[in-house]
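A.B. asks: One structure follows; several queries about it will come next.
Residue numbers (the numbering used here): 306 to 454.
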């Protein structure tokens, strides 16, 4: 059973990346364009307003890139940092625990994006299409050598 789960891991990671990217991009779209219920109860954030507008741009662009699996590690790194900033600057001053200060989404997005920094896009991402053939061949070389002839 562990072998099957290990073989499915890149696909599970790819689906995780797609869902997280989509949800993150939706937050950005809601804040920037007032869709999907809008920002914090309706409407959109004022263009150029610090930090809400910049966070929304990071959410929309970063979420879109993560969703597509394009520049996943870099986009996830920036997104993770923005959510850490959001938590410590906006939520944490209200109270210590995320459940008390409304920062659960910020914490979850921060850690989910940080995970993607270390794991990469998994399967189903555009990163794999643009990876050099030489790089992919080197990654597969140890696996081929380990297989008995």
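Backbone N, C-alpha and C fix where the C-beta goes; we use that ideal spot for every residue, glycine too.
Is the CB-CB distance between residue 327 and residue 362 below 9 Å?
C.D. replies: Taking the chain shown and counting its residues from 1, one reaches residue 327 at position 22. Taking the chain shown and counting its residues from 1, one reaches residue 362 at position 57. No. Outside cutoff.
A.B. asks: Please work out which residues of its chain come closer than 6 Å, Cβ to Cβ, to residue 406, disregarding the five sequence neighbours upstream and downstream, and give them in chain order.
C.D. replies: Here the question's residue 406 lines up with position 101 in the chain shown. 396, 399 and 400.
A.B. asks: In this structure, does DSSP put residue 409 in helix, strand or coil?
C.D. replies: On the chain shown, residue 409 is found 104 positions in, with the first residue counted as 1. Looking at residue 409 - three-state DSSP - the assignment turns out to be helix.
A.B. asks: Within the same chain, show all residues whose beta-carbon is closer than 7 Å to that of residue 380, passing over the 5 residues directly before and after it, in chain order.
C.D. replies: Position 75 of the chain shown, counting from 1, holds the residue named residue 380. So the qualifying residues of the chain are 367, 370 and 371.
A.B. asks: Using a Cβ-Cβ cut-off of 6 Å (strictly less than) and excluding sequence neighbours within five positions of residue 418, which residues of its own chain qualify?
C.D. replies: Locating residue 418 in the chain shown gives position 113, where the first residue counts as 1. Cβ neighbours of residue 418 beyond the five flanking positions: 381, 384 and 385.
A.B. asks: Please go through the region 368-410 and give each complete alpha helix (DSSP H) segment of 4 or more residues, from N-terminal end onward.
C.D. replies: 377-391 and 403-406, all fully within the region 368-410.
A.B. asks: Should residue 308 go down as buried or exposed, given a rule of 16 or more other Cβ atoms within 10 Å for buried?
C.D. replies: One-based indexing of the chain shown puts residue 308 at position 3. Its Cβ having fewer than 16 others within 10 Å, residue 308 is exposed.
A.B. asks: Drop a sphere of 10 angstroms on the beta-carbon of residue 345, count the other beta-carbons inside from all chains shown, and report buried for 16 or more, exposed for fewer.
C.D. replies: For this step, residue 345 is matched to residue 40 along the chain shown. The residue in question, residue 345, is exposed, as its Cβ has fewer than 16 Cβ neighbours within 10 Å.
A.B. asks: Under a three-way DSSP split, which group does residue 355 fall into?
C.D. replies: Position 50 of the chain shown, counted from the first residue, corresponds to residue 355. It is coil, neither helix nor strand.
A.B. asks: Counting C-beta neighbours from all protein chains within 10 Å, is the total for residue 354 16 or more, i.e. buried, or is it exposed?
C.D. replies: On the chain shown, residue 354 is found 49 positions in, with the first residue counted as 1. Residue 354 should be labelled exposed.
A.B. asks: Given residue 429, which residues of its chain have a CB within under 6 Å of its CB, disregarding the five upstream and five downstream residues?
C.D. replies: For this step, residue 429 is matched to residue 124 along the chain shown. Same-chain partners within the cutoff: 319.
A.B. asks: Checking 9 Å against the spacing of the C-beta atoms, do residue 360 and residue 387 come in under that value?
C.D. replies: Taking the first residue of the chain shown as 1, we reach residue 360 at position 55. Taking the first residue of the chain shown as 1, we reach residue 387 at position 82. Yes; because the gap between Cβ atoms is below 9 Å, this pair is in contact.
A.B. asks: Rank 413, 352, 376 and 402 by C-alpha distance to the C-alpha of residue 329 and give the top, closest one.
C.D. replies: Taking the first residue of the chain shown as position 1, residue 329 is located at position 24. It is 413.
A.B. asks: Of all Cβ atoms in chain D, is any one closer than 9 Å to the Cβ of residue 350?
C.D. replies: The chain inventory of the structure shown lacks chain D, comprising one protein chain alone.
A.B. asks: So what does DSSP say about residue 328, is it helix, strand or coil?
C.D. replies: Counting from 1 along the chain shown, the entry for residue 328 is found at position 23. If DSSP states are grouped into helix, strand and coil, residue 328 belongs with the helices.
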